[in-house]
Each structure stands twice: as structure tokens, then as C-alpha cells.
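Asker: Next up is a structure, given as C-alpha cells.
In this note's numbering, the protein residues as written are 949 to 1548.
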């Protein structure tokens, strides 16, 4: 029993160390990083306010991709920039999106997500994904070409396209743009969009000249700033793509700042930039090889850029060539992403959502939770139902675990006899104990496997609650209006009765308290360890975990509290079946009994 208890304490200490590392090391570090970024951004804005050049006017050099924003003025707001260039824009209006396309560069640089607000308050501003290149939050997607002297000027960042058909881009009405250069090459671009977030860009290149021309297409997603909210270590934010044989590539912003990432030449796949809930990606023409890059440019306007440049295609005189690309810009809704992967045959597009190492568990976990949500209409209830299903699936293992605990309890008197017999002879005691286990057919580690097997389940559920946009601003009951955010209440200000905000380090809401109580009850199902150090850890662990989990998403804390409650019920039933007394109340009484004074 003691060996088993030590094992559980070791597991608990391991989890405690991880949580302590997050709470005392990572959180302050991320906060310091955030403040440093804000200070750097302020300094950058001051320096760049004096410049006046067009940020998107960079030209291709030696066949390289155009680079934007070398000396960008970033004093304009999003609305000011859009208003300034309103005459050269085509409006976007779909059930999910609003914004406009900038005819200069045919650039997607003005996009809002209608269904999502910045806060839980529905009157708060909707999410702005893309912003023009002359704003401080510049973020845009652009498709163009790299040519040569033979091709003449080809569409790039500063090219002004002409509207050939359509006055507004909707999910039922595409728009057509055109551009003809001095060599007689006409570029006709048709842009369509579905009811959610996928744009289809079809370019037709017609050569009316007398000689064949070769040119390369390019695409890029460029943004000036990283997310202001510090990223958690369990979530990838930054560059992402599925590129040829390299498969899924995830590159942090900080990694690109040190050195650009250039995967091997590839055919097919996709690339872009992802945030926690939003993303912007490009799916290049899938039949032509390309070179991809994830880069950070520090010249002039600092910027992060995911781009590709395809191998040159040749268009014969009097002939035309058609290229088709896709641009995803929007919310990472699981059903929508899955549908795009299937309908457009985009390889591994579902990995745009960071399902993590336990992908094979995490995604089915979401599917199960989503099933209950569609039935009950509440993700909090879906979490409770999912927990019941998980407990039911693990019931055979849990039964073995608690049966092992019951057997160990029955052997406790014999263990005490062995301890009295062998005294300080630890080797002899160990050998006699193992012989007792063998005679009684007890496997002392049989009860540990369910705990180990459930660790991936716990982290998978944590990932689902933390990363999926379906959990964002999803209410439960009462004061929990966002399952992806911490419990907003705090015992320090008496749950809002006192007129001040509790310090973050002392924040402790109702649900973390409930979780701590259920954890305390679960641990009291077993006697307090006789070793004083172990007993102290045993007694203080629920309190420590309460504060550690206070900053975790409320949905995860609700899961843990409910899981603890089910575990207490499950253990009580199984131990009664094995004829072992449930010692919960006796152990609780023992905790408050005055200990006898040591004999002199």
C-alpha cells in the first residue's frame, strides 16, 4: 500500500511541478515579454510616423518576391485607411465576412468576421482580421507575378487593377479584375467566395504578343505585429503549412526572427499564418512546384511573411494559361475546416487547428463534445456528458485499479506484521512483501495504469477547451459566460461583493474552490500516509491545485471537479463490491482529531 501511495504522490508531484513551472515561471515570463513587445511597438510607431512611402510599393529584384512595408507610415487607423482608398476598392459582403479588396495589388487587406466579437459583450466591435498596409496593424494577403524584361510589367504590389465585372463580392456574385501590360499580356482575375471563409482566385494569362513569355506566380501572407496576448506553450501561433514531403511545418515567430525557414521545393500543400482562433493561408496551384519561405524582415517596417514563388510557366503567343489558387481567411471552425479539406482536397488542412501530439484523441474528443453540444445546446453540459462517457470507457480499468486498492487494504494487517517482524531490514521487508503479493496474486502496480492512461485524455480535453473556437465565449450557467476563460469570480473580493478587483496571483473563483473540495474528498477516500512529509503533501495538495487551476479555462476546471465527483462515487461502489469499507468519513474525522502527545 505504501509503495502504491508513493507512486501516486510521485505522479501528483510531477503534475504539481509542471503547474508550478507554468504559474511561477512561464506566466511572469510571458507577461514580461508582452510588456517588452508593447514598448517596442510604441517605439516603432514613433519612428515610423515620420515616413511617407507606400508600404506596398517594393518591386521584385532578381526574380525575388516583392517585399512590402520598407518605410510604412503607421499613423492611420484601419477605418481611415479604408476611407482614404474607398474609390479603389471592391466591397466584400457575405454572411460571414465584410470588408473590401484593394484594387492596388488586388490585395485582401480589409476583412472583418461578422459572427465574432472582441469580448463576450455582443455590442463590442467585431473581429478585424485584415488591415491595410499603411496602418500599424497591417495584415494582408496578396497574389501576384514575377516577370522579366520580356514579360514587361506584371501584376505586383503596386499594380492597379480594373474592375471588369461585378461591383460587390458576395457568396453568390464573383468579381472579375483585369490588367493589360505594355507587352500585350492580359491578366484576368476572377475572385469568388463561399458563404464562410474560402476565396477562390482564378487567373487567366493571355499572351497577345509575338513571342513566348515565362513568368512565376507568387503569394504571400504578411503581417506587421504578433498577437498581443502571450501564447501558451500548449498552442502554436505563427507560421504554418503543409509543404511537400516535409509535411506539417510549424514555425514560431521568434524562430523566424532568428533565421528564415525555407522548406524544400514542393508541389501541392498550403501555407500561411495562424493565431489561436483565426488564420490566413494560401493554397497555391497544386500542379506546379514552388519554393516557400517563412521570414521576418527588419528593414523599415518590421513584418512577418509566409510566401511562395512557383516555378515559371510559359505562355505561347496567341495562347493562354489558367492558374487557380485558394485563400482561406477567417475563423478556424472545426466543421468548416474539415469540409474544406475534403471538398478542395487540401492535404492535412485540418491541422490548421492545433490538435497537438494526441491528435488521434483530441479531435475525437471534440467530435464527442460537439455531438452533445448539438443535442443540449450548451458546451458546459457537453463537457459533463463527455466526462461521463470517458469514465464509462475507462470503467474496466478503474475497476481493476480500485480492486487492486481493495486488495492492498485487505493486506494491510499482514503488511504491518511484516514491518514489525523485519524492523529496519528494508531488503528483507521488500522480499517478504513481494512474496506476499505473489501468494495473494496481487499486482501492486495494476492500479497505476488507469492513471497513466488517463493523462493523455486530460491533456486532450485541455487542448479542446483551450484551442477550439467553439469554446470561445461559450457560456455554461450563472456567472460562467466563457468556458475558455478563467472563472471570473474571486474569493478575495467575496465574489464581487467588495468593490475592487482581486490581484491575479490571488484570484480564486467558485469553480476552482469546488474543484479543490472534490479533490480533497477523493484523496480522503484513502488514509493519510504515516510519513509526515507525505502526509503534508497529501493534505496541502488540493489547496495548491485550487490556486494553480484558478487561471485555467473554466471549462477545464468544471471537468476536473465533475471527474473528481464521479471518481469518488465510482470508487465507493467498486470498493463496496469487494467488501472493503469506504473510509471517507473516518479519514476526514481523523484529520481533525487531536493527535496524542508523544510518549516521553
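All residues carry an ideal CB built from backbone N, CA and C; glycine is no exception.
Under the three-state reduction of DSSP, which class applies to residue 1224: helix, strand or coil?
Answerer: As a first step, residue 1224 is located in the chain shown; it is residue number 276 there, counting from the start. Residue 1224: coil per DSSP, three-state reduction.
Asker: To the nearest whole angstrom, what separates the beta carbons of residue 1151 and residue 1270, a pair I think is in contact under 8 Å?
Answerer: The residue labelled residue 1151 in the question sits at position 203 within the chain shown. The residue labelled residue 1270 in the question sits at position 322 within the chain shown. Contact holds; Cβ gap of about 7 Å.
Asker: Can you give me the start and stop residues for the beta strand (DSSP E) that residue 1039 sits inside?
Answerer: As a first step, residue 1039 is located in the chain shown; it is residue number 91 there, counting from the start. Taken as a continuous stretch (DSSP letters only), the beta strand (DSSP E) holding residue 1039 covers 1037-1041.
Asker: Can you give the Cα-Cα distance for residue 1092 and residue 1080, rounded to whole angstroms?
Answerer: Locating residue 1092 in the chain shown gives position 144, where the first residue counts as 1. Locating residue 1080 in the chain shown gives position 132, where the first residue counts as 1. Approximately 17 Å between the Cα atoms of the pair.
Asker: Please report the residue range of the beta strand (DSSP E) in which residue 1146 lies.
Answerer: The sequence position of residue 1146 within the chain shown is 198, counting from 1. Its beta strand (DSSP E) spans residues 1146-1155.
Asker: Got a sec? Which residues, its chain only, sit under 7 Å from residue 1200 by beta carbon, not counting five neighbours each side?
Answerer: Taking the first residue of the chain shown as 1, we reach residue 1200 at position 252. Hits under 7 Å: 1186.
Asker: Chain D beta carbons: is any one of them nearer than 7 Å to that of residue 1407?
Answerer: Given the protein chain composition of this structure (a single chain), no chain D is represented.
Asker: Pick helix, strand or coil for residue 1284, following the three-state DSSP scheme.
Answerer: Looking up residue 1284 in the chain shown gives position 336. Of the three classes helix, strand and coil, the one that applies to residue 1284 here is helix, per DSSP.
Asker: Return the CA-CA distance between residue 1514 and residue 1336, expressed in angstroms with no decimal places.
Answerer: What you label residue 1514 is simply residue 566 of the chain shown in a count that begins at 1. What you label residue 1336 is simply residue 388 of the chain shown in a count that begins at 1. Roughly 8 Å separates the two Cα atoms.
Asker: Can you tell me which of 1410, 1128 and 1247 puts its alpha carbon nearest to the alpha carbon of residue 1497?
Answerer: As a working mapping, residue 1497 is identified with position 549 in the chain shown. Closest by alpha carbon: 1410.
Asker: Identify the residues that DSSP records as bridge partners of residue 1218: which are they?
Answerer: Your numbering for residue 1218 matches position 270 in the chain shown. Answer by DSSP bridge pairing, in chain order: 1190.
Asker: Which first and last residues belong to the alpha helix (DSSP H) in which residue 1060 is found?
Answerer: To locate residue 1060, count along the chain shown from 1; it is residue 112. Counting along the chain, residue 1060 falls outside any alpha helix (DSSP H), though it belongs to the beta strand (DSSP E) covering 1055-1065.
Asker: Would residue 1281 pass as a contact of residue 1417 if the rule is Cβ separation under 7 Å?
Answerer: As a position in the chain shown, residue 1281 is number 333, starting the count at 1. As a position in the chain shown, residue 1417 is number 469, starting the count at 1. A contact, by the Cβ cut-off of 7 Å.
Asker: Where does residue 1298 sit, in a helix, a strand or coil, going by DSSP?
Answerer: The residue labelled residue 1298 in the question sits at position 350 within the chain shown. Here residue 1298 sits in helix by DSSP.
Asker: Residue 1463: which of 1484, 1509, 1423 and 1525 sits nearest, CA to CA?
Answerer: Along the chain shown, read from residue 1 onward, the residue named residue 1463 stands at position 515. Looking at the Cα atoms, 1509 is the closest of the given residues.
Asker: Where residue 1097 and residue 1245 are concerned, what is the direct C-alpha to C-alpha distance, given to the nearest angstrom?
Answerer: Counting from 1 along the chain shown, the entry for residue 1097 is found at position 149. Counting from 1 along the chain shown, the entry for residue 1245 is found at position 297. Going by the C-alpha atoms only, they are around 27 Å apart.
Asker: Where does residue 1201 sit, in a helix, a strand or coil, going by DSSP?
Answerer: Position 253 of the chain shown holds residue 1201. Residue 1201 falls in the helix class under three-state DSSP.
Asker: Under three-state DSSP, which class holds residue 1304?
Answerer: Taking the first residue of the chain shown as position 1, residue 1304 is located at position 356. Residue state, collapsed to three classes: coil.
Asker: Where does the unbroken beta strand (DSSP E) through residue 1113 begin, and where does it stop?
Answerer: Position 165 of the chain shown holds residue 1113. First-last of the beta strand (DSSP E) with residue 1113: 1110-1113.
Asker: Please confirm whether residue 1114 and residue 1123 have their CB atoms less than 7 Å apart.
Answerer: The count along the chain shown starts at 1 and reaches residue 1114 at position 166. The count along the chain shown starts at 1 and reaches residue 1123 at position 175. Result yes, Cβ atoms of residue 1114 and residue 1123 sit closer than 7 Å.
Asker: In angstroms with no decimal places, state the Cα-to-Cα distance between residue 1420 and residue 1322.
Answerer: As a working note, residue 1420 is residue 472 in the chain shown. As a working note, residue 1322 is residue 374 in the chain shown. Each residue's alpha carbon lies about 16 Å from the other.
Asker: State the Cα-Cα distance for the pair residue 1327 and residue 1423, rounded to the nearest angstrom.
Answerer: Stepping through the chain shown from its first residue, residue 1327 is reached at position 379. Stepping through the chain shown from its first residue, residue 1423 is reached at position 475. Each residue's Cα considered, the two are about 7 Å apart.
Asker: If you reduce the DSSP assignment to three classes, tell me which class residue 1089 lands in.
Answerer: Residue mapping note: residue 1089 aligns to position 141 of the chain shown, counting from 1. Reduced to three states, the DSSP call for residue 1089 is strand.
Asker: Between the Cα of residue 1272 and the Cα atoms of 1147, 1174 and 1037, which residue gives the shortest distance?
Answerer: Within the chain shown, numbered from 1, the residue matching residue 1272 stands at position 324. Nearest of 1147, 1174 and 1037 to residue 1272, Cα basis: 1147.
Asker: Determine the closest residue to residue 1188 out of 1252, 1165 and 1173, with distance taken between C-alpha atoms.
Answerer: Within the chain shown, numbered from 1, the residue matching residue 1188 stands at position 240. Of the candidates 1252, 1165 and 1173, the one whose C-alpha sits nearest the C-alpha of residue 1188 is 1252.
Asker: Taking the straight line between their C-alpha atoms, what separation do you get for residue 1044 and residue 1254?
Answerer: By one-based count along the chain shown, residue 1044 stands at place 96. By one-based count along the chain shown, residue 1254 stands at place 306. Near 25 Å, if we compare the C-alpha coordinates of residue 1254 and residue 1044.
Asker: Pick helix, strand or coil for residue 1076, following the three-state DSSP scheme.
Answerer: The sequence position of residue 1076 within the chain shown is 128, counting from 1. Correct three-state label for residue 1076: strand.
Asker: From residue 1064 to residue 1494, what distance separates their C-alpha atoms?
Answerer: Residue mapping note: residue 1064 aligns to position 116 of the chain shown, counting from 1. Residue mapping note: residue 1494 aligns to position 546 of the chain shown, counting from 1. Distance between the alpha carbons of residue 1064 and residue 1494: 31 Å.
Asker: For a test of the three-state rule: what should DSSP assign to residue 1239, helix, strand or coil?
Answerer: As a position in the chain shown, residue 1239 is number 291, starting the count at 1. Reduced to three states, the DSSP call for residue 1239 is strand.
Asker: So what does residue 1254 bridge to, in DSSP terms?
Answerer: Within the chain shown, residue 1254 is the residue found at index 306, counting from 1. 1169 and 1242, per the DSSP bridge assignment.
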